[in-house]
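Colleague: Chains as they are written, first to last, in full-length UniProt numbering: chain A, 1 to 416; chain B, 1 to 539.
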Amino acid sequence: MNALTKPLNATEARRAARNHILTPRLETPFHPRLAALDVVNDWYNWAGYKAPHSIFDEELEYFAIRSTAALFDISPMVKYRIKGYDAERYLNRLTLRDVRKLAVNRIHYTAWCDDHGHVLDDGTLFRLGEQDFRLCCQERHLPWLLDSAFGFDVEIFEETEEIAGLALQGPTSHAVLAEAGFAGTERLKPFDIATFPHDGGPGCSAVTISRTGFTGDLGYELFVPRAAALSLWDRLWAAGAEHGIRAIGYSALNRTRIEAGFIVANADFVTAEGALRADRVRLPDEIGLDWLVDPDKPSFNGRRAILDARRNQSLKHILVGLEIEGNIAAEHAIVYHRGKREVGLVTAATWSPTAKRNIAIASLERPYGTKFVDDLWVEIYAMRELKYQKMMKRAKVVPRPFVKLARRTATPPGLR
Amino acid sequence: MQRYDVLVVGGGHNGLVTAGYLQRAGLKVAVLEKNGWVGGAATSRELTPGFLYSNCSYVCSLFRPEIMRDLELPRHGLQVVAYEGGAVLTRDGDYLASYRDHDSHRREFARYSKRDAEAYERYARDVTRQCRFIQPLLMRTAPDPFGFRPRDIAELVYLAKKFGEFSPSEMAETLRFWTMSISDFLDEYFETDVIKAYLAISGIIGTALGPMSPGTAYVLLHHYMGEVDGSVGAWGYARGGMGAVTQALASSFLAAGGTIRTDAAVAKIFSRGGRTTGVVLESGEEIRANLVVSNADVKRTFLKLVDEADLPEHFVHRVKHFKMRGSSGKVNIALDSLPEFPALPKGSSCIRGDLHFTDSIERMERAYDDWKAGRWSADPMLDAMIPTTLDPTMTSPGKHFMSCFVQYCPPKVQGRDWTDADRAAFAETVIGQIADYSPGFRDRIVHMEVRTPRELEAEVGLTEGNIFQGELTFDQLLFNRPVPGYAQYRSPIAGLYICGSSTHPGGGVMGAPGRNAAMEILRDLKRSPETMSNAHDVI
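1. Pull up the distance between the alpha-carbon of residue 96 of chain A and that of residue 91 of chain B, whole angstroms please.
2. When you check each C-beta in the stretch 365 to 392 of chain B against every C-beta of chain A, which residues fall closer than 7 Å?
3. Within the 8 Å Cβ cut-off, does residue 263 of chain A reach chain B?
4. Is there a C-beta anywhere in chain B that falls below 8 Å from the one on residue 29 of chain A?
5. Near residue 386 of chain B, which residues of its chain fall below 6 Å by C-beta distance, leaving aside the five closest residues on each side in sequence?
6. Here's the rule I'm using: 16 or more other beta-carbon atoms within 10 Å means buried, otherwise exposed. How should residue 376 of chain B be labelled?
7. What in chain B is Cβ-close to residue 18 of chain A, meaning under 9 Å?
8. Assign residue 235 of chain B to buried or exposed, taking buried as 16 or more other Cβ atoms, counted over all protein chains shown, within 10 Å of its Cβ.
9. Around the C-beta of residue 532 of chain B, are 16 or more other C-beta atoms found within 10 angstroms, so that it is buried, or is it exposed?
10. Which of the three DSSP states is assigned to residue 432 of chain B in this structure?
11. Do residue 305 of chain B and residue 330 of chain B come within 8 Å of each other at the CB atom, strictly closer than that value?
12. Determine, using beta-carbon pairs with one atom in the stretch 191 to 206 of chain A and one in the stretch 84 to 101 of chain A, whether at least three such pairs fall under 8 Å.
13. Starting from residue 31 of chain A, trace the alpha helix (DSSP H) both ways and give me its first and last residue.
14. In chain order, what residues of the same chain have a beta carbon less than 6 Å from the beta carbon of residue 127 of chain B, not counting five sequence neighbours either side?
15. Using a C-beta to C-beta distance shorter than 9 Å, which residues of chain A count as neighbours of residue 474 of chain B?
16. Quick check: does the Cβ of residue 123 of chain A come within less than 7 Å of any heavy atom belonging to the ligand PLP?
17. Of all the options B/449, B/359, B/352, which has the alpha carbon lying nearest to the alpha carbon of residue 53 of chain B?
18. Give me the DSSP bridge partner(s) of residue 479 of chain A.
19. Which class does residue 154 of chain A belong to by DSSP, given the choice of helix, strand or coil?
20. Does the beta-carbon distance from residue 368 of chain A to residue 53 of chain A come in below 8 Å?
21. Could you pull out every residue in the same chain whose Cβ sits closer than 8 Å to the Cβ of residue 154 of chain A, ignoring the five residues on either side in sequence?
22. Short of 7 Å in beta carbon distance, which residues of its chain neighbour residue 474 of chain B, apart from the five on each side in sequence? Order them along the chain.
23. Using CA coordinates, which residue listed in B/242, B/174, B/89, B/21 is at the minimum distance from residue 131 of chain B?
24. Smallest Cα separation from residue 268 of chain A: which of A/274, A/252, A/287?
25. According to the Cβ coordinates, are residue 83 of chain B and residue 390 of chain B closer than 8 Å?
26. Go to residue 396 of chain A, then tell me how far its beta strand (DSSP E) extends in each direction, as first and last residue.
27. Taking 8 Å as the threshold (C-beta atoms), are residue 292 of chain B and residue 303 of chain B in contact?
28. If we call anything under 8 Å between Cβ atoms a contact, is residue 399 of chain A one with residue 174 of chain A?
29. Can you name, in chain order, every residue of its own chain whose Cβ lies under 7 Å from the Cβ of residue 455 of chain B, other than the five neighbours on each side?
30. Out of B/464, B/261, B/388, B/195, which one is the CA nearest neighbour of residue 107 of chain B?
31. Using a Cβ-Cβ distance cut-off of 8 Å, determine whether residue 4 of chain A contacts chain B.
32. With distance defined between alpha-carbon atoms, name the residue in A/380, A/201, A/332 nearest to residue 346 of chain A.
33. At what residue ranges does the stretch 157 to 238 of chain A contain a whole run of the alpha helix (DSSP H), taking only runs of 4 or more?
34. Name the DSSP bridge partner or partners of residue 79 of chain A?
35. Measuring CB atoms only, is the stretch 203 to 214 of chain B touching the stretch 466 to 483 of chain B, in the sense that at least three cross pairs come out at less than 8 Å?
36. Quick one: Cα of residue 535 of chain B to Cα of residue 416 of chain B, how far?
Structure below.
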């Protein structure tokens, strides 16, 4: 419940919410449409929501992202709204990048750290207005966000359940938006946001569309109040009929995000508030987020620890992209130097159908990955008919993204 | 006259654990139990026809799985079944539930505060970190910091190394955690009173301290470091009541060739020339043995069973000042039908878990104020369970057994002994509280057993009725439990050992003191503890 939707009587609201126990896996606002299309019944638990691993065929869903248009339900993503006179100053102190440089109707990818410079989470920051922001992320941080607001004139609400989100990704995604009558989306550059008219029933006359996504492809993300979710889905689905639109699950999306070189909290790194073991936390520079840190902006949380670690060269880890020989995905494989010394772990891996390469994201212990980048190997255990085929494969450190598509940034965007 | 290698005084769970290990190591062991049954504080008794009562301890989590395996307790009938959450019923007719499902748990907390709902993750992480530090210490004999033997030094180094694995800020957190009040600790995470009240319960159970007393955060930890089959912090019911734990231990011990004598209360433990020679029973029968292991608490053992004159002066002084301080009572109720709690949704899983009626820290602290004044709490803190919702073996279908742990309840009523009238009034306070939330509750009662510290001491043998055989405060833990210099299960009398919860790591039907004592005895006998598997790693 937040201030925007708070009922007049808090006790009544508390009682009304008792029945949550009947649905321990909440259905997202788009669930009726997903369930109707779903033929494989392969659901998983995404932050307490029922979410699809796959809708019909993981392989074909991947090609929908890379060849036509794919709809992916991002409603379970945790969303916070931050408003008020000090919102910019507050977020500038909270996060690593300079929020003063984030214009209204723009988005940037960012991260935030605890006092020791250890990354609490990464996410996207939407500047919806001069004093109005939305922060989207993987984990929950309300106590951290509220405590950090001490002395700032801001209001912070958790709005995960209230806002429905949909990612529309792929080369024909803009064609779908155009067909659906969202005039002007062709002017959206990457990381732009704009609102467009949408008749979503009482209380919803607009949809917020951003040119963002997790696929490294041309794509958009659309946000509406939850009541307007189905009308938005139907509008896109009808418009997409001739543009190859398909609904997809996380497995296909995950392959494209690895191709794009994006990381996932608590998959590619352990968040500082979640880590039980003291050595599992990471500084931004240890997970490839050094480029977010802006030492020139006013003080931000974790600044001293991060800059000290740089100066003292006490950074312990590094996140790298690997290209591995062969075609067997090396998920969670151990990385060796000279085939002997254990130097790290593969956190995500896939065969890339687009790059035609066996790719991986790995966390290495420095100086491996910095000073020593040659002679790296990964040990792959492939279970084949109840027997492990053990392989030691050569790995090469390569820059991310593994797949770079011109259509991702082309403005105006192509229609196919 | 019978002769044994080892006599175990008292057939509680720790005594039976020690006896089981020693018998399996090839010694001839006899357990001497004053009651007509074994079990100590872990019993299932048919106090009214058709109803088995877990009439002292009532839930299981801390009992070490290594012991269950070593002594083959599953083969001897032990099954522990995880239970489902619980609830605090609030005075305004609502409730706060606790659910096993992570997201349901968060949404339930969010009914009261979104902030608290998300803060729970941080709280659980911090408590888990502390548990991970302490868990490996349970199955190790605490070092004697002044022992200077290689073993003690190695053990101190181990402790220092465990501690050294923490970052400096975590070390600071640990020191704070071990000394803080549970109320202060919870204030750092939560803003909602009922949420804090629910989480504080584990910080005061069995302890004569209020939620605002320093040291109660550690008591919470003590209740979190158990597990049910690897699910850390989970609690369960022993199928057949808590007596199933000790029945399995006894059966395992007998199968290994051990001897159990019930109705055999020990009157004295003999010693001659600083060495024990055996015991004499209250019946006058003398039994000789080279080793005697006392499962009785430290006060009973050294102030009643051993001649004070045989002990060093300072040791006796420390034993006399070891804090027992009973703080709780027990009301065990047979019910002819399942009680209804209208505030809970129909079919709620909460009724199969722990139920409470204290919705604020302040009410808990006021309940403690009564204890300080020498009265039982007028508005007590209850930890009530109905294990028969999950265990079909304790009574017939449709009927139920309800266990109510009650706090606070002093060992003496304003300085004088408990009377039967006091006990009846105490029971009425408890039943009255439940009936406020469960209409018709009184009409369902078939039979009831009420235990104040008086009964816990007289029947179970717990001095002052303290369920942990001594308070779990920091001054009485690790190498200070029970007496500095004697924390390694030995005593000033050669051949006399103690193995009960008065020793490290303390109470809670854990079995670890019994196992650690057996380990030390085997060490002294230069026998290899090959029947004892290593403690599970905490990774």
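Where a beta carbon is used, it is the ideal one built from N, C-alpha and C, also for glycine.
Modeller: Result, derived from the coordinates:
1. Using only the alpha carbons, I get a separation of about 46 Å.
2. Answer set for the stretch 365 to 392 of chain B: empty.
3. At a cut-off of 8 Å between beta carbons, residue 263 of chain A makes no contact with chain B.
4. Residue 29 of chain A does not count as touching chain B.
5. Counting only residues of its own chain and dropping the five nearest sequence neighbours on each side, residue 386 of chain B has a CB closer than 6 Å to the CB of 400, 402.
6. When all chains shown are included, residue 376 of chain B counts as buried.
7. Simply 94, 95, 97, 108, 111, 345.
8. Per the 10 Å Cβ criterion, buried.
9. By the 16-neighbour rule on beta-carbons within 10 angstroms, residue 532 of chain B is buried.
10. DSSP places residue 432 of chain B in helix when its eight states are reduced to three.
11. With respect to the 8 Å criterion, residue 330 of chain B and residue 305 of chain B are not classified as neighbours on the basis of their beta carbons.
12. By the Cβ rule, the stretch 191 to 206 of chain A does not count as touching the stretch 84 to 101 of chain A, because fewer than three pairs are nearer than 8 Å.
13. Note, residue 31 of chain A: alpha helix (DSSP H), 31 to 37.
14. Within its own chain, the residues whose Cβ lies closer than 6 Å to the Cβ of residue 127 of chain B, once the five positions on either side in sequence are excluded, are 224, listed in chain order.
15. By Cβ distance, chain A contributes nothing, its closest Cβ being about 23 Å from residue 474 of chain B, past 9 Å.
16. Only the bare structure without any ligand can be found here, which leaves the ligand PLP out of the picture.
17. For the residues B/449, B/359, B/352, the minimum Cα distance to residue 53 of chain B belongs to B/449.
18. Within the shown structure, residues of chain A are numbered from 1 to 416, placing residue 479 of chain A beyond reach of any answer.
19. The DSSP-derived three-state label of residue 154 of chain A is coil.
20. Contact flag unset, no.
21. The residues are 82, 83, 84, 85, 86, 87, 90.
22. Spatial neighbours of residue 474 of chain B in its own chain (CB-CB distance under 7 Å, excluding positions within 5 residues in sequence) are listed in chain order as 178, 179, 215, 218.
23. For the residues B/242, B/174, B/89, B/21, the minimum Cα distance to residue 131 of chain B belongs to B/174.
24. Comparing Cα positions, the closest option is A/287.
25. The answer is yes: Cβ separation under 8 Å.
26. From DSSP, the beta strand (DSSP E) with residue 396 of chain A extends over 388 to 398.
27. With contacts defined as CB atoms closer than 8 Å, residue 303 of chain B and residue 292 of chain B fail to qualify as a contacting pair.
28. Taking a C-beta distance under 8 Å as the contact criterion, residue 399 of chain A and residue 174 of chain A do not qualify as a contact pair.
29. Sequence-distant partners of residue 455 of chain B (beyond 5 residues in either direction) whose C-beta falls short of 7 Å from its own C-beta are missing from its chain.
30. Just measuring C-alpha positions, the residue of B/464, B/261, B/388, B/195 sitting nearest residue 107 of chain B is B/195.
31. Note that residue 4 of chain A scores a pLDDT of 43, beneath 50, so its modelled location is shaky; the value from the coordinates is reported in the next line. With its beta carbon at least 8 Å from every one in chain B, residue 4 of chain A lies outside the interface.
32. Among A/380, A/201, A/332, the Cα nearest to that of residue 346 of chain A is on A/332.
33. Correct list: 173 to 179.
34. Here residue 79 of chain A is bridged, per DSSP, to A/136.
35. By the C-beta criterion, the stretch 203 to 214 of chain B is judged to be in contact with the stretch 466 to 483 of chain B, since at least 3 inter-stretch pairs fall below 8 Å.
36. Counting only the Cα atoms, residue 416 of chain B lies some 45 Å from residue 535 of chain B.
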